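Colleague: In UniProt numbering, the protein residues as written are 1 to 967.
A single structure is presented below for examination.
See below:
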């Protein structure tokens with residue numbers, strides 16, 4: 001269609017003399033294919049006057065509104081007009097460009113700002129922008145000019161009024177309306193920009209200039225907009241919870257910066273009084289939920305995921321920040337709270353009192369460090385908290401329990417007050433008729449037990465009643481926090497609860513079944529189920545030394561574990577393995593041996609994803625009752641097959657290390673009883689070593705299996721290697737193994753690995769004429785041993801330090817925390833960004849003083865992230881072997897000295913070859929090892945003399961003499 005002709009028709013529509021004729025023309029041609037796109041092209045022409053373009057865009061808007069969607073014809077009626085799909089496609093292609101290029105007077109017609117569709121698109125655009133800046137701000141792409149436009153957009157969205165008709169929507173559904181969702185993403189983006197890129201002292205070096213510009217350019221304008229949002233809330237005008245939460249979070253970020261604090265300071269107490277205080281007070285919504293659905297009330301109040309989006313949690317965080325960091329804020333806040341609690345003029349009701357107690361409890365960590373407030377805590381509890389236990393209002397009784405939970409770690413100056421606190425809390429838990437009160441009381445009991453040693457004895461007479469009630473509340477609420485209370489109580493009162501152990505476990509198992517049967521896939525249900533399993537594990541742990549009780553509990557626990565494994569509920573596999581580990585820790589019943597078959601089936605079904613979780617249980621099967629393990633050849637066959645699958649998979653993850661460790665444990669634990677299995681072990685390990693091994697941890701663990709076989713049966717190992725040599729005629733497998741082993745001695749970590757390494761070298765040296773050729777490694781042999789002994793010394797020292805009780809309680813209750821002046825920024829002084837900025841400022845200042853500062857402040861790194869950090873114990877060191885037992889008589893220091901002494905007498909040539917290459921420093925180190933060996937020998941002899949009596953060994957179960965592995 002000719003756009004020039006169309007332009008003339010549109011021009012005629014704004015001429016009173018030609019309007020009627022022009023409108024008739026448009027009516028005749030508007031159904032022609034190509035008309036709508038041509039109309040949009042006219043609207044986009046810059047050489048056409050604005051009135052003509054405006055007439056065109058209004059006509060186009062009306063045309064799209066009435067004819068965009070295809071409509072079905074009524075019976076007997078003609079088909080209603082709709083814009084042809086070809087035209088719709090053309091409009092879709094150019095509409096965005098049209099909106100971007102059009103002047104505002106045209107744009108407002110092309111995109112109606114407040115329509116639900118428009119606001120939904122705006123929300124999507126904001127989400128896209130948020131995704132762009134979430135982790136990185138591309139300053140090359142987003143220049144200052146472009147960023148300023150985005151900030152104007154965000155500000156405009158926040159200022160845009162929400163249509164009045166939205167107030168007719170139910171308040172619970174209002175937050176889902178597009179207008180509030182759009183505002184949520186706007187303030188969410190503002191918060192992210194400020195938090196990550198707008199703080200000069202905490203950003204990365206590349207963002208410092210940007211942050212300084214951001215802080216001075218935008219803080220005032222954004223704060224002005226956000227304070228208006230808070231003012232809306234203060235004046236009882238609806239603000240969606242997420243917008244309110246993000247707004248408060250932005251204000252919280254402002255507390256730390258001197259520039260933003262100066263702007264915020266005049267308004268801060270008003271925010272505390274008129275926004276935070278009402279938010280933290282018991283509300284109408286709380287009241288409705290308390291009575292209509294107390295279970296849901298409890299779920300929401302204790303939902304950790306809810307905390308991330310709750311305006312109440314944001315209010316708590318802001319209150320703590322301003323009272324901790326800014327002068328006079330704590331004093332003004334506490335004055336407000338005490339004014340409400342005293343209520344001398346009767347102007348405050350119970351809900352406001354709840355809010356005041358909520359604020360006081362929130363500030364507890366600050367109050368106990370201020371001497372003035374610390375001394376008044378006992379009177380505060382006596383006067384304002386204790387009486388609320390007798391309140392007719394359930395929420396006030398619950399708040400009293402919550403406050404005691406908050407103040408549980410204080411040093412009570414009056415023991416009588418502590419006794420009364422415990423009495424009232426226990427009474428509330430046992431006898432209160434309202435479930436939320438019971439839950440708060442249970443948490444308070446847990447915290448008092450954790451922090452106050454005297455409470456242990458005070459609770460003892462009622463611990464059985466408390467435990468029984470805990471089980472009932474756990475079942476009724478399915479609340480993970482109550483399960484945690486039981487986890488705390490069971491270890492403290494093991495003796496008293498022994499008669500109840502079966503009842504507790506059965507109750508937990510039944511509740512677990514109920515939870516997973518009604519599991520709707522929510523995170524809360526999963527957390528609750530895990531909490532129940534962890535509580536069962538706590539019961540098993542404390543009852544471990546009582547075999548009769550463990551036998552009673554076994555069937556109940558196996559019922560739970562069996563359900564998890566049979567129904568493939570993989571999210572609980574880790575907890576199921578922990579329960580099995582507890583059951584098999586001291587003895588293994590006939591039923592538990594059948595579980596090994598179940599574990600093997602799980603492995604075959606799920607692959608090796610859960611092998612590391614199974615490892616502690618598999619270790620118990622091998623070590624707790626070795627004779628029973630060996631009495632059925634399928635047991636060792638199952639273990640071998642699992643290891644084989646993993647090592648043949650080239651998984652290149654920790655599961656391969658654990659698989660090799662399992663082989664080593666079998667070799668050392670079953671030494672002398674599985675010789676016919678060892679060829680398969682050696683072949684499997686060598687097969688894996690011939691393929692690419694990326695980590696030294698895996699390589700040394702594979703070598704360790706061979707070293708363990710060498711230590712247990714050296715002649716058999718080299719016989720096996722000779723037989724395997726036939727398939728590899730061009731290279732010596734034995735020589736390659738020994739050279740790789742000695743080359744990697746510095747890669748062996750922890751006590752066990754180094755000890756076995758030393759014992760393996762000693763075994764090699766003691767073989768005499770049957771020893772393989774060592775010519776290539778002899779110059780390195782003793783120096784490698786010295787490396788191992790140096791590591792052993794450090795590992796023994798680290799273990800000794802860990803075993804010492806070095807914990808000391810530090811009393812910092814009366815230490816005043818430093819508040820910031822209005823000109824100070826609050827910074828984290830250990831972040832890399834802060835250190836970078838410190839270095840930059842130091843360099844700048846030094847140059848001004850005529851000093852050339854060239855030193856650099858390196859990045860701060862914790863030991864955990866240090867690649868050069870060598871752990872004194874490895875993660876798999878907990879999988880012990882006979883060499884790791886406390887009563888093990890094999891000492892690597894003594895063995896090493898005795899081996900060298902024997903060599904000096906029996907094979908002086910070899911001894912000379914070993915020692916002649918040592919440096920003077922290495923000779924001193926060798927002498928130190930010998931001295932330590934003598935000391936350890938003396939300690940061994942002394943211990944042997946002190947011990948009286950011998951060891952009695954039970955007759956071992958019948959063990960097969962042969963094992964057959966499948967191909």
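Glycine is no exception: its CB is placed at the ideal position from the N, C-alpha and C atoms.
In this text the structure is predicted, and so the values were computed from the model without any measurement.
(1) Counting only runs of 4+ residues fully inside the segment 565-602, write out the alpha helix (DSSP H) ranges in chain order.
(2) Assign residue 594 to one of two classes, buried (16 or more other C-beta atoms within 10 Å of its C-beta) or exposed (fewer than that).
(3) Pick helix, strand or coil for residue 489, following the three-state DSSP scheme.
(4) How big is the Cα-Cα spacing for residue 1 and residue 79?
(5) Starting from residue 438, follow the alpha helix (DSSP H) in both directions and report where the run begins and ends.
(6) Indicate the three-state DSSP secondary structure (helix, strand or coil) for residue 773 in the structure shown.
(7) Can you tell me which of the three DSSP states residue 857 falls into?
(8) Counting along the chain, where does the alpha helix (DSSP H) carrying residue 97 start and finish?
(9) Of all the options 180, 135 and 629, which has the alpha carbon lying nearest to the alpha carbon of residue 115?
(10) For the alpha helix (DSSP H) that contains residue 368, what are its first and last residues?
(11) Residue 384 by DSSP, collapsed to three states: which one?
(12) With H, G and I counted as helix, E and B as strand and the rest as coil, what does DSSP make of residue 767?
(13) Going by alpha carbons, who is nearest to residue 481 out of 698, 491, 525 and 498?
(14) Pull up the distance between the alpha-carbon of residue 425 and that of residue 340, whole angstroms please.
(15) I need the straight-line Cα distance from residue 995 to residue 251, nearest angstrom please.
(16) Using the Cα positions of residue 382 and residue 389, report the straight-line distance between them to the nearest angstrom.
(17) With a threshold of 8 Å, are at least 3 pairs of Cβ atoms found where one atom belongs to the segment 51-71 and the other to the segment 24-36?
(18) Helix, strand or coil for residue 951? Go by DSSP, reduced to three states.
(19) Using a Cβ-Cβ cutoff of less than 6 Å, which residues in the same chain neighbour residue 394 once the five nearest sequence positions on both sides are dropped?
(20) For residue 68, which three-state DSSP category applies?
(21) Less than 7 Å between the beta carbons of residue 702 and residue 685, yes or no?
(22) Comparing C-alpha positions only, which one of 64, 94, 93 and 90 sits nearest to residue 81?
(23) In three-state terms, what does DSSP make of residue 834?
(24) Buried or exposed for residue 465, please, with buried defined as at least 16 other CB atoms from any protein chain shown within 10 angstroms of its CB.
(25) Give me, in chain order, the residues of the same chain whose beta-carbon lies closer than 7 Å to that of residue 193; leave out the 5 immediate sequence neighbours on both sides.
(26) Which of the three DSSP states, helix, strand or coil, is assigned to residue 142?
(27) Tell me the rounded alpha-carbon separation between residue 851 and residue 197.
(28) Got a sec? Which residues, its chain only, sit under 7 Å from residue 261 by beta carbon, not counting five neighbours each side?
(29) Consult DSSP for residue 518 and reduce its assignment to one of helix, strand or coil.
(30) Is residue 446 buried or exposed, if buried means 16 or more other CB atoms sit within 10 Å of its CB?
(31) Grab the span of the alpha helix (DSSP H) containing residue 208 for me, first residue to last.
(32) By DSSP, does residue 80 sit in helix, in strand, or in coil?
(33) Going straight from the alpha carbon of residue 367 to that of residue 156, what length do you get?
(34) If we call anything under 7 Å between Cβ atoms a contact, is residue 787 one with residue 746?
(35) In the DSSP assignment, find the unbroken alpha helix (DSSP H) run with residue 906 in it and report its ends.
(36) Let me check understanding here. Comparing Cα to Cα, which of 69, 95, 73 and 17 lies closest to residue 38?
Modeller: Looking at the coordinates:
(1) Complete alpha helix (DSSP H) runs here, min 4: 573-583.
(2) Residue 594 sits at position 594 when you count from the first residue of the chain shown. Exposed, by the Cβ-count rule.
(3) Counted from its first residue, the chain shown places residue 489 at position 489. Here DSSP, grouped into helix, strand and coil, assigns residue 489 to helix.
(4) Here residue 1 refers to the residue found at position 1 when the chain shown is read from its first residue. Here residue 79 refers to the residue found at position 79 when the chain shown is read from its first residue. Answer to the nearest angstrom: the Cα atoms are 24 Å apart.
(5) The sequence position of residue 438 within the chain shown is 438, counting from 1. Note, residue 438: alpha helix (DSSP H), 435-451.
(6) As a working note, residue 773 is residue 773 in the chain shown. If DSSP states are grouped into helix, strand and coil, residue 773 belongs with coil.
(7) Residue mapping note: residue 857 aligns to position 857 of the chain shown, counting from 1. Since pLDDT at residue 857 reaches only 40, below the 50 mark, its modelled position is unreliable, and the value read off the structure follows with that caveat. Here residue 857 sits in coil by DSSP.
(8) Your numbering for residue 97 matches position 97 in the chain shown. That run of the alpha helix (DSSP H) goes 85-101.
(9) Taking the chain shown and counting its residues from 1, the one referred to as residue 115 is at position 115. Cα-wise, what sits closest to residue 115 is 180.
(10) Along the chain shown, read from residue 1 onward, the residue named residue 368 stands at position 368. Careful: residue 368 lies outside any alpha helix (DSSP H) and carries neither H nor E.
(11) For the purposes of this step, residue 384 is taken as the residue at position 384 of the chain shown. Correct three-state label for residue 384: helix.
(12) Here residue 767 is taken as the residue at index 767 of the chain shown, counted from 1. If DSSP states are grouped into helix, strand and coil, residue 767 belongs with coil.
(13) Stepping through the chain shown from its first residue, residue 481 is reached at position 481. Looking at the Cα atoms, 525 is the closest of the given residues.
(14) Against the chain shown, residue 425 aligns to sequence position 425. Against the chain shown, residue 340 aligns to sequence position 340. Distance between the alpha carbons of residue 425 and residue 340 is about 24 Å.
(15) Because the chain is modelled from 1 through 967, residue 995 falls outside the range shown and cannot be assessed.
(16) Here residue 382 refers to the residue found at position 382 when the chain shown is read from its first residue. Here residue 389 refers to the residue found at position 389 when the chain shown is read from its first residue. Computed Cα separation, rounded: 11 Å.
(17) yes
(18) Residue 951 sits at position 951 when you count from the first residue of the chain shown. At residue 951 the pLDDT is 44, less than 50, meaning the model places this residue with poor confidence; the figure from the coordinates comes in the next sentence. Coil, per DSSP.
(19) The residue you call residue 394 lines up with position 394 of the chain shown. Answer for residue 394: 434 and 437, listed in chain order.
(20) Here the question's residue 68 lines up with position 68 in the chain shown. Residue state for residue 68 is assigned as coil, using DSSP reduced to three classes.
(21) For the purposes of this step, residue 702 is identified with residue 702 of the chain shown, where counting begins at 1. For the purposes of this step, residue 685 is identified with residue 685 of the chain shown, where counting begins at 1. For residue 702 and residue 685, yes; Cβs fall inside 7 Å.
(22) Along the chain shown, one-based indexing puts residue 81 at 81. Closest by alpha carbon: 64.
(23) Numbered from 1 along the chain shown, position 834 holds the residue referred to as residue 834. With a pLDDT of only 47 at residue 834, under 50, the local geometry of the prediction cannot be trusted, and the value read off the model is given with reservation. Helix.
(24) For this step, residue 465 is matched to residue 465 along the chain shown. Exposed: under 16 other Cβ atoms inside 10 Å.
(25) Translated into positions along the chain shown, residue 193 becomes position 193. Hits under 7 Å: 133.
(26) Against the chain shown, residue 142 aligns to sequence position 142. Looking at residue 142 - three-state DSSP - the assignment turns out to be coil, as it is neither helix nor strand.
(27) The residue given as residue 851 occupies position 851 in the chain shown. The residue given as residue 197 occupies position 197 in the chain shown. Low local confidence applies: a pLDDT of 43 at residue 851 is under 50, so the model's placement there is unreliable, and no value is given.
(28) As a working note, residue 261 is residue 261 in the chain shown. Correct list, in chain order: 254, 255, 326 and 822.
(29) Taking the chain shown and counting its residues from 1, one reaches residue 518 at position 518. Residue 518: coil per DSSP, three-state reduction.
(30) Sequence index remark: in the chain shown, residue 446 carries index 446 (1-based). Around the beta carbon of residue 446, 16 or more other beta carbons sit within 10 angstroms, so the residue counts as buried.
(31) Here the question's residue 208 lines up with position 208 in the chain shown. 208-234 is the span of the alpha helix (DSSP H), which, as asked, contains residue 208.
(32) In the chain shown, the residue the question calls residue 80 occupies position 80. Coil.
(33) Here residue 367 corresponds to residue number 367 of the chain shown, with the count starting at 1. Here residue 156 corresponds to residue number 156 of the chain shown, with the count starting at 1. Approximately 41 Å between the Cα atoms of the pair.
(34) The residue labelled residue 787 in the question sits at position 787 within the chain shown. The residue labelled residue 746 in the question sits at position 746 within the chain shown. A contact, by the Cβ cut-off of 7 Å.
(35) One-based indexing of the chain shown puts residue 906 at position 906. Run containing residue 906: 892-906, per the alpha helix (DSSP H) assignment.
(36) Counting from 1 along the chain shown, the entry for residue 38 is found at position 38. Taking only the C-alpha atoms, the option nearest residue 38 is 95.
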